[in-house]
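The listed protein sequences derive, respectively, from chains R and L.
Mapping of the first sequence onto my numbering: position 210 corresponds to residue 210, and the numbering continues sequentially without gaps.
Mapping of the second sequence onto my numbering: position 18 corresponds to residue 1018, and the numbering continues sequentially without gaps.
Working notes, structure below.
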Amino acid sequence: MKSFTQIDGLVVPMMRSNVDTDAIIPKQFLKSIKRSGFGVNLFDAWRYDDPGFPGQDASTRQPTKDFILNAPRYKGAQILLAGDNFGCGSSREHAVWALDDYGFRSVIAPSFADIFFNNSFKSGFLPIVVEEAVVERFAAECEASEGYRLSIDLAAQTVTTPSGDVTTFEIDAFRKHCLLNGFDDIGLTLQKRDAIEQYEAARKQSAPWLFT
Amino acid sequence: MAGKTLYDKVWESHVVNEDDDGTVLLYIDRHLVHEVTSPQAFEGLQLAGRQPWRISSMLAVADHNVPTTARDAGIDDPVSKLQVDTLDDNCEAYGITEFKMNDLRQGIVHVIGPEQGATLPGMTVVCGDSHTSTHGAFGALAFGIGTSEVEHVMATQCLVQKKSKAMLVSVDGQTGPGVTAKDIVLAIISEIGTAGGTGYTIEFGGDAIRALSMEGRMTVCNMSIEAGARAGMVAVDQTTIDYVKERPFSPSAHHWDKAVAAWQQLHSDADAQFDKVVRLDASSIQPQVSWGTSPEMVTDVNGQVPDPASVDDPIKSEGMQRALEYMGLTPATAIQDIKLDRVFIGSCTNSRIEDLRAAAEVIKKRKVASTVKQAMVVPGSGLVKQQAENEGLDTLFTDAGFEWREPGCSMCLAMNADKLEPGERCASTSNRNFEGRQGQGGRTHLVSPAMAAAAAIAGHFVDVREF
């Protein structure tokens, strides 16, 4: 798995609540059997005026003028600011893959949907929860200042603004450990193979109908 | 010491290992697999040179991409076809049980699991699909996972998890006539919001939930995720046990009594403590219709489209305004004045036999309104379709002008050919009214099967109790 340690990245504010996974990556692009190539269709219905379909030549698309990611000042953004309940809806990990493939490394929001939050860590992508007032302050500063960047340090669990203001965030210790080191969590789980086998053997005795 | 919740009981019986910080390795009993979220997991397994841990725990079916028209010709769309073929190939390579597209048992993964008895009380059930919460209706702990976790379960039969908080949603008293499980769950989402259940496992209880059939309980648990909760559960009772009995994957006669004795413990203890309790009065729930682009944007059939200007929170008000623009609706429009272009009866929320019976019952020899371009019924599985045909429901639908289709996810998410055109408005028995969900630019109103059938006939929403 890709690791995440620290980044100093350009910020884009998209302060909508309930940004759902259908908006992040519409269903027609889920037909791919690959993990890569979703970035060009990130927020497809909001980002382009013409309808999107798999296999399209991206250079022929018509970008929606007032969609924030299409503004030249946000080109190359790595950090997305969003409203409440970001990533709600389906379990599609393609939503994380699309954000990652586009170039984002982190989303900062007051809250996330559980499955999206959980999926993020699997791609070395960091969802950061801070209070709504803090996200709104970042967004206001960002809108006021072209080229606004935030510095994220996972080890220190901090987000630092250009003026040096530091906000701390919480993260589960196990997830932090895996993310900092880029660990493959299947490999970690398989180190507990004996425990899984013991559990299974006991369960076959107590609930044999689960093993037929 | 306080008693245990249903969630505590199922969770604790699946803990393989627990670290000091509460990180748990949780054993998974049933892994349901479909074509959209599995190919990258199979590929990961192959690249790492790993084998599936327990193939007998897996059951696979293609549902999202399959056509709902005649299937003799196969799948037209080459990209969809490749995804379905990839599932077939992977299942064949590993010896995983799969119901292929032309198998009578094929259907929506969340319909066939229970139908086959592959979902049992007290199990942990996962699938790379957020509506896996459906299976919690059986007193199982069932939740959706992403593709990396699909691979993790394939390789280890476990997931790394932390226990969530427990919420009780108690729907007390009895619902009135014409009020269904769908109306109950939409009313719950309206009450607690689409993020109300985030971080929780919800147990649905109370007289109104106990009175539901298994189909109704599945409808309620199915939409737990629309309330933000990955998992929803209902305690086991005789209704559960009667449903499970003598299904293909259910315990054999040899194990049956022992299984039932274990299942009868699957309810929250009287003194169990929940982190949050929400109570709704069932008698106050009316038939529901969603008006916006989030499942919490829902109101009574006798209500009207709300006014964003009446909401103080600026982000919420802007969200409502954006939703109304997308939906092409203006504040104070009566819900019953909203006219429909299409009607969709189907999805993992509402495509079981009871749903089709409820829809058919509304028709009473009437016809789909001439202003409705298309009304379609998509059964949840081949077996549901067969059962409905045995009862003559297909004829009731087709005589009225509904299309009678082959089983699959269909227009719930429009990954196959069934979709709305831009600007079209649909009464849908599915679970999500997000922008573009049923086709780019399409406008979705979530309702019960009876309300959808009535809307098809009237051409606009009507109160099914007076229809």
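By construction, the Cβ of each residue, glycine as well, lies at the ideal position given by its N, Cα and C atoms.
Chain-order list of residues whose beta-carbon lies under 6 Å from that of residue i (same chain, five-residue window excluded)
i	result
Gly1441 (chain L)	Pro1422, Gly1423
Gln1161 (chain L)	Val1024, Leu1026
Leu150 (chain R)	Val11, Ile79, Val159
Leu1356 (chain L)	Ala1388, Leu1393
Pro1331 (chain L)	Val1305, Asp1307
Spatial neighbours of residue i in its chain, beta-carbon cut-off 7 Å, leaving aside the 5 residues before and after
i	result
Lys204 (chain R)	Phe211
Arg61 (chain R)	Tyr48, Asp50
Thr1119 (chain L)	Arg1030, Gly1113, Val1125, His1135, Phe1138, Ala1140
Ala1334 (chain L)	Gln1304
Ala1358 (chain L)	Thr1180, Pro1449, Ala1450
Leu30 (chain R)	Arg92, His94
Gly124 (chain R)	Met1, Lys2, Ser3, Phe4, Leu179, Gly182
Ala1062 (chain L)	His1034, Glu1035, Val1084, Leu1087, Met1101
Gly69 (chain R)	The sequence shown places Leu at residue 69 (chain R), not Gly. Excluding residues within five positions, the ones whose Cβ falls inside 7 Å are Val12, Phe43, Arg47.
Residue i versus residue j: straight-line alpha-carbon distance, rounded
i	j	result
Val1169 (chain L)	Gly1206 (chain L)	8 Å
Glu131 (chain R)	Gln1304 (chain L)	34 Å
Pro1078 (chain L)	Ala133 (chain R)	48 Å
Gln1286 (chain L)	Val1179 (chain L)	6 Å
Cys1409 (chain L)	Asp8 (chain R)	43 Å
Leu1212 (chain L)	Leu1420 (chain L)	32 Å
Lys65 (chain R)	Ala71 (chain R)	8 Å
Ser111 (chain R)	Ile1315 (chain L)	14 Å
Val166 (chain R)	Tyr148 (chain R)	15 Å
Asn1431 (chain L)	Ile1353 (chain L)	18 Å
Glu1406 (chain L)	Arg1342 (chain L)	18 Å
Glu197 (chain R)	Leu1159 (chain L)	14 Å
Ala1270 (chain L)	Ala1261 (chain L)	19 Å
Ser1148 (chain L)	Glu1092 (chain L)	21 Å
Met1058 (chain L)	Gly1328 (chain L)	44 Å
Gly1401 (chain L)	Ala1375 (chain L)	7 Å
Ala82 (chain R)	Gln56 (chain R)	28 Å
Lys1367 (chain L)	Arg1105 (chain L)	31 Å
Ala1142 (chain L)	Ala1208 (chain L)	22 Å
Trp1404 (chain L)	Phe1397 (chain L)	7 Å
Glu1466 (chain L)	Ala1187 (chain L)	20 Å
Phe1042 (chain L)	Glu1226 (chain L)	28 Å
Val1447 (chain L)	Pro1121 (chain L)	29 Å
Asp1312 (chain L)	Glu1012 (chain L)	44 Å
Which of helix, strand or coil DSSP assigns to residue i
i	result
Val1244 (chain L)	helix
Gly1496 (chain L)	Because chain L in this structure spans residues 1001 to 1467, residue 1496 (chain L) falls outside the shown range and cannot be described.
Val1125 (chain L)	strand
Asp153 (chain R)	strand
Met1297 (chain L)	coil
Gln1438 (chain L)	coil
Pro1308 (chain L)	helix
Phe1138 (chain L)	helix
Phe1274 (chain L)	coil
Glu170 (chain R)	coil
Gly1144 (chain L)	strand
Trp1404 (chain L)	strand
Asp20 (chain R)	strand
Asp1088 (chain L)	helix
Met14 (chain R)	strand
Met1101 (chain L)	coil
Tyr74 (chain R)	helix
Gln1286 (chain L)	coil
His94 (chain R)	helix
Thr158 (chain R)	strand
Pro1314 (chain L)	helix
Where the alpha helix (DSSP H) containing residue i begins and where it ends
i	result
Pro127 (chain R)	Segment 126-129 is the beta strand (DSSP E) holding Pro127 (chain R); no alpha helix (DSSP H) there.
Gly1113 (chain L)	1109-1116
Phe1397 (chain L)	1393-1400
Ile25 (chain R)	Counting along the chain, Ile25 (chain R) falls outside any alpha helix (DSSP H), and DSSP gives it neither H nor E.
Residue range of the beta strand (DSSP E) that includes residue i
i	result
Ala1360 (chain L)	Careful: Ala1360 (chain L) lies outside any beta strand (DSSP E), inside the alpha helix (DSSP H) at 1353-1363.
Gly214 (chain R)	Because residue 214 (chain R) is not part of the residues shown, which for chain R are 1 to 212, the question remains open.
Met1167 (chain L)	1165-1172
Asn1017 (chain L)	1015-1018
Tyr1027 (chain L)	1024-1027
Cys1426 (chain L)	1425-1428
Val106 (chain R)	Before going further, note that residue 106 (chain R) is Ser rather than Val in the sequence given. Its beta strand (DSSP E) spans residues 106-109.
Met1058 (chain L)	1058-1061
Chain A contact for residue i (CB, 8 Å cutoff)
i	result
Gly89 (chain R)	Among the protein chains of the structure shown, namely R and L, there is no chain A.
Cβ neighbours of residue i in the same chain (closer than 8 Å, five flanking residues each side left out)
i	result
Phe67 (chain R)	Phe43, Trp46, Arg47
Gln28 (chain R)	Gly52, Phe53, Pro54
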